[in-house]
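Residue numbers for the sequence shown follow this note's numbering, so the first one is 1224 and each next one is one higher.
No residue lacks a Cβ here, since even glycine has one placed at the ideal position from N, Cα and C.
Keep in mind that this is a model prediction, so the values were computed, not measured.
Taking it in order: structure first as structure tokens, then the write-up.
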Amino acid sequence: MADQPSILVDSRPGYRVITLNRPQRLNAFTEDMHHRLRVALDDAQADPACRALLLTGAGRAFCAGQDLSDRVATSGPPRDLGQSLENFYNPLVRRLRALRFPVVAAVNGTAAGAGANIALHCDIVLAGRSAKFVQAFAKIGLVPDSGGTWLLPRLVGAARARGLALLAEPLSAQTAQDWGLIWKALDDDRLIPEAETLCTQFATGPTIGLGLIKRALAAAEQNDIDRQLDLERDLQREAGFTPDYAEGVRAFMEKRPPDFAGRGA
Ligand code: T3D
């Protein structure tokens, strides 16, 4: 396994599949994996032909967060974990959230620590029924990171966020769906086909408009209603000038499926 790349990238028509690929360590993060993922996300963002992303894990897990074999205390001074967040995890979360197209997470197995929160930042989170979400941090004396303390109360409310973070117990995919933490739990054998279908749908969708929806929903986390109404006005103006909007209306009136180009004029 040593010479296997820690990230696999597969280009499909209109979208990419990124697979976290350290299955023997449940796809736990190393610096090499962070570097490769950063490049893969930047490449996807820069490619106008890429209109969606599928993120998944190799083997039986999605991702177990930081590789703890890199964190065993030695005789030297303790590692500055704040620096690790600053250099690796925070830029990753920011990159992922800033992608101009929809990102589908196919959580194929355990998602723990930063691995859980990275999955939860994706736009659509699908999970196989065997998958579990674990805010594992408290078990090793850490604080939920990668935006976990921000995401959890917003997704599931304060009481459940406190339980998940303080108890660090695994949450099943089905309960994650029931609580509104994720979009859908699926039978394991349906997970990847369903994620691919969604990516194909997004890859033939009005990409600029979908990106604007992402921006509006992200901004709503901070805005009051007045600021959000103003933002909707501005983003709708932008959407209304896209060729895909013109095509969408034409297709509706002509009672045919739209043929979205996913590009500006
Ligand atoms: O450090 C910083 O930079 C700060 C940032 C931190 C971000 C974080 O993510 S901190 C949280 C780190 N992650 C964890 O604490 C999770 C640790 N793993 C687990 O709790 C469990 O492994 C799981 C709940 C994820 C899965 O349990 P299970 O029973 O399905 O599998 P297992 O037997 O525990 O693990 C299988 C193998 O993967 C095992 O190796 P072995 O014995 O077969 O050689 C295990 O050691 C390895 N593994 C699992 N997680 C990690 C790992 N190896 C290194 N790092 C891991 N995170």
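Mind reading off the beta-carbon distance from residue i to residue j? Whole number of angstroms is fine, and I expect it under 8 Å.
i: I1431; j: G1487; result: 6 Å
i: A1391; j: A1408; result: Actually they do not touch by this definition, with Cβ atoms about 21 Å apart.
i: G1332; j: S1353; result: 6 Å
i: A1399; j: A1350; result: 6 Å
Quick check: the Cα distance between residue i and residue j, rounded to an integer number of angstroms?
i: A1439; j: R1456; result: 10 Å
i: S1234; j: V1240; result: 6 Å
i: D1411; j: P1300; result: 44 Å
i: L1231; j: A1263; result: 9 Å
i: V1357; j: D1453; result: 38 Å
i: L1315; j: R1261; result: 7 Å
i: Y1468; j: P1429; result: 8 Å
i: L1365; j: A1275; result: 33 Å
i: N1446; j: R1302; result: 37 Å
i: D1290; j: G1371; result: 18 Å
i: G1485; j: R1479; result: 18 Å
i: W1406; j: S1298; result: 45 Å
i: A1296; j: I1363; result: 13 Å
i: T1427; j: Q1451; result: 28 Å
i: G1471; j: A1441; result: 24 Å
Any heavy atom of the ligand T3D inside 7 Å of the beta-carbon of residue i?
i: D1411; result: no
i: F1360; result: yes
i: Q1289; result: yes
i: G1336; result: yes
i: T1423; result: no
i: D1303; result: no
i: V1357; result: yes
i: L1264; result: no
i: S1307; result: yes
i: D1255; result: no
Can you name, in chain order, every residue of its own chain whose Cβ lies under 6 Å from the Cβ of residue i, other than the five neighbours on each side?
i: I1341; result: S1369
i: L1343; result: L1374
Which residue from the options puts its Cα closest to that of residue i?
i: Y1238; options: L1260, G1364, R1317 and D1266; result: D1266
i: P1393; options: F1360, C1422, F1425 and L1365; result: F1360
i: A1269; options: T1420, I1347 and L1322; result: L1322
i: G1305; options: L1349, P1367, M1256 and R1274; result: P1367
i: R1259; options: R1245, W1406, L1458 and T1398; result: R1245
i: F1483; options: D1449, Q1400 and F1425; result: F1425
i: R1283; options: Q1227, K1355, A1384 and N1313; result: K1355
i: N1310; options: E1254, G1351, F1324 and D1293; result: E1254
i: R1377; options: E1444, T1420, S1307 and L1414; result: E1444
i: Y1167; options: S1292, I1347 and H1257; result: This structure does not reach residue 1167, given that the chain is present from 1224 up to 1488, and the question cannot be answered.
Can you list, in chain order, the residues of its chain with a C-beta nearer than 8 Å to that of residue i? Leave out the 5 residues immediately preceding and following it.
i: C1345; result: L1278, L1319, V1326, V1327 and A1328
i: E1461; result: I1431 and L1435
i: E1477; result: none
Is there a Cβ from chain B that is less than 8 Å from the Cβ of residue i?
i: S1353; result: Of the protein chains in the structure, only one exists, and it is not chain B.
Identify, in the order they occur along the chain, each residue of the same chain with its Cβ nearer than 7 Å to the Cβ of residue i, setting aside the five sequence neighbours on each side.
i: G1288; result: A1251, F1252, A1335, G1336, A1337, G1338 and A1359
i: G1280; result: T1242, L1243, N1250, C1286, N1331 and G1332
i: A1384; result: L1375 and P1376
i: L1414; result: A1329, N1331, L1349 and G1351
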